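Worksheet for the structure shown next.
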Amino acid sequence: MIIQKAEEEKVATEVAKAAVSPEVETIAEFSVESPSPDKAPVLEVTQAAAPQEKTVTDAGSKLQIDEEHVQSIESVIHGNAISEAKYDIRELKEQISEHNEDLEELDSFMKDLKEPRGAKILRARVNKMMKKADKLLEKLDEDRKAIGEISESAADEEKKMKEERLMRVEDLIGKMQTLQKMSDDDKEEFRKILQALDEDSDGVINVNLVLHALALFGSHKELRLTAEQIKTIVEMLKKEEHIEAMKAFLAGTAPYPPSSSSSAVATSGSDFSADPAMIIKQKLSVDPTKISNKTLKNQTLNKLPTDMKQNK
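End of the sequence shown = 834 in the numbering used here, gap-free, step of one.
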């Protein structure tokens with residue numbers, strides 16, 4: 523009876539060992555020391571070493587991005603009608619290609635069957651329309667590039683005109699020296715005047731704005747202005763120029779921002795086609811003289827509206 527019970531326990535132990543998965547066996551290994559009369563049996567558990575994590579280091583590859591890549595990325599991000607049409611036509615071509623392959627497979631399996639005449643005519647027309655659409659898209663793409671080149675050339679022309687309107691103070695003084703010999707005192711005096719006309723003190727002045735200011739100073743020769751007052755006047759003239767340009771823009775008679783031939787400069791009454799340095803030199807070299815109160819009153823009345831003149 524005892525022997526039979528021991529055999530049954532032995533069979534149950536073998537079945538339990540067979541049911542254990544191999545992964546569990548690798549994780550833990552059990553070993554039982556042989557019992558000794560002094561101490562009880564000791565169960566030792568040995569855990570398998572954890573697998574080391576794999577570290578993958580990808581060397582950063584250097585990519586060379588040119589202008590064509592940038593334009594392609596921008597066109598994909600922004601999107602346009604031409605690119606969408608190209609995508610639609612590409613899909614349609616793929617569908618037509620798959621249809622042609624299906625027809626070829628059908629012809630190879632069933633030679634007795636033929637494509638209807640109407641289907642052939644329709645397929646020919648579709649192929650013809652696809653070719654026309656490809657040519658139209660190519661033409662539209664060329665026109666878009668041409669328009670882009672025109673806009674770039676217009677921007678370059680506007681930049682060039684803006685650079686022509688701007689002059690450095692030192693360059694202007696250097697041109698004045700080439701036109702006429704100046705002493706150091708005269709040179710320093712011209713520098714102070716031009717620096718006063720440079721309202722933002724960046725060393726660059728707008729020639730048209732300076733000529734307008736000088737024309738205004740010439741009509742009021744009796745005034746004695748400080749450098750700060752001159753800067754304030756130039757700043758006000760600049761604001762007035764932008765206001766006039768905005769009015770013309772709202773009226774639809776001129777674009778905004780104002781062009782080089784602004785209305786404010788055109789009213790100064792000078793020939794601005796000549797060298798700006800020579801004109802500024804002539805205006806600055808005029809000695810201020812006193813004018814009578816009658817002349818000053820007439821100049822003031824000329825600037826007033828007609829109804830106010832009558833009241834005067």
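Positions of the beta carbon are idealized from the N, C-alpha and C atoms, including for glycine. Small disclaimer: the values here were computed from a predicted structure and weren't measured.
Among the options, whose alpha-carbon lies nearest the alpha-carbon of residue i?
i	options	result
residue 726	737, 738, 713	713
residue 757	709, 627, 719, 656	719
residue 709	693, 723, 755	693
residue 750	646, 723, 658	723
residue 504	770, 647, 738	The chain is shown from 523 up to 834; residue 504 falls before or after that span and cannot be answered.
residue 728	696, 627, 690	690
Return the CA-CA distance between residue i and residue j, expressed in angstroms with no decimal places.
i	j	result
residue 733	residue 716	11 angstroms
residue 752	residue 711	14 angstroms
residue 623	residue 654	23 angstroms
residue 618	residue 639	17 angstroms
residue 616	residue 670	32 angstroms
residue 661	residue 608	13 angstroms
residue 666	residue 612	20 angstroms
residue 614	residue 644	14 angstroms
residue 620	residue 664	31 angstroms
residue 629	residue 656	30 angstroms
residue 730	residue 668	34 angstroms
residue 641	residue 774	57 angstroms
residue 772	residue 764	12 angstroms
residue 659	residue 759	50 angstroms
residue 706	residue 748	21 angstroms
residue 651	residue 766	54 angstroms
residue 529	residue 536	11 angstroms
residue 626	residue 646	16 angstroms
residue 769	residue 648	55 angstroms
residue 696	residue 735	21 angstroms
residue 746	residue 761	23 angstroms
Using DSSP with H/G/I as helix, E/B as strand and the rest coil, what is residue i?
i	result
residue 809	Only weak support exists for where residue 809 lies, its pLDDT of 47 falling under 50; the value from the coordinates is given anyway. In the structure shown, residue 809 sits in coil (DSSP, three-state: anything other than H, G, I, E or B).
residue 746	coil
residue 775	coil
residue 705	coil
residue 620	helix
residue 543	A caution first: residue 543 carries a pLDDT of 47, below 50, which makes its placement in the model too unreliable to give a value.
Could you tell me the boundaries of the alpha helix (DSSP H) in which residue i lies?
i	result
residue 724	Premise fails: residue 724 is in no alpha helix (DSSP H) and is neither H nor E.
Who are residue i's beta bridge partners in DSSP?
i	result
residue 690	726
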